[in-house]
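>
Residue numbers (the numbering used here): 3 to 184.
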């Protein structure tokens with residue numbers, strides 16, 4: 003059985019361990035800034051989603067002029083217009099957009115949590131099924147807590163998720179870099 007990394011790859015990664023640690027420290031610092039101002043981190047998250055939607059919408063609109071046939075032009079044009087409008091909306095009113103995104107996130111967590119609990123229970127004869135169900139329960143509870151605090155928590159919840167993600171990525175890169183050095 004072959005592994006994805008051979009000795010040369012491992013030594014190349016080990017030689018750059020400091021870059022992983024430095025990036026990890028930088029991400030932790032960014033996460034600290036995000037924790038320091040969750041509202042601004044939320045707005046930054048909304049702007050990020052807005053940029054993606056705006057670019058995607060513009061590409062869809064450009065594509066609409068490349069397709070043949072009225073049905074295709076109509077589909078791509080409407081799709082592109084919706085994405086473009088949603089992207090612009092994120093920039094025009096990021097607080098309201100964060101409220102909408104927070105609501106969608108709560109629903110997604112509730113549905114994903116229920117599904118994971120169901121999968122865990124279906125795995126019941128196997129060892130470790132409880133961990134799958136417990137993970138689903140945590141996801142479900144997180145979704146319910148977010149939904150219960152909505153719309154007030156929409157001012158900070160996306161920023162909190164961004165901050166936690168930045169810190170966790172930073173910690174994982176530091177751990178990887180230190181262990182790769184070995």
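A virtual CB, placed ideally from N, CA and C, is assigned to each residue, including glycine.
Owing to the predicted nature of the structure, the values given are computational and were not obtained by experimental measurement.
(1) Mind checking whether residue 89 and residue 55 have CB atoms under 8 Å apart?
(2) Three-state secondary structure (DSSP) at residue 62?
(3) Since residue 123 is in the alpha helix (DSSP H), which residue starts that stretch and which ends it?
(4) Can you grab the Cα-Cα spacing for the pair residue 68 / residue 75, in whole Å?
(5) Does the distance from the C-beta atom of residue 33 to that of residue 138 stay below 8 Å?
(6) So residue 184 and residue 26 are supposed to be a Cβ contact under 8 Å. How far apart are they, rounded?
(7) Mapping the DSSP letters down to three states, classify residue 34 as helix, strand or coil.
(8) Just reading off the alpha helix (DSSP H) that residue 171 is part of, what are its end residues?
If we stick to the structure as given:
(1) Closer than 8 Å, so yes.
(2) Here residue 62 sits in helix by DSSP.
(3) Per DSSP, residue 123 belongs to the alpha helix (DSSP H) from 96-124.
(4) If I take the Cα positions, the gap works out to 8 Å.
(5) No, these two residues do not count as a Cβ contact at 8 Å.
(6) With 8 Å as the limit, residue 184 and residue 26 do not qualify as a contact, their Cβ atoms being about 16 Å apart.
(7) In the three-state reduction of the DSSP assignment, residue 34 falls in the helix class, which pools H, G and I.
(8) DSSP places residue 171 in the uninterrupted alpha helix (DSSP H) bounded by 159-183.
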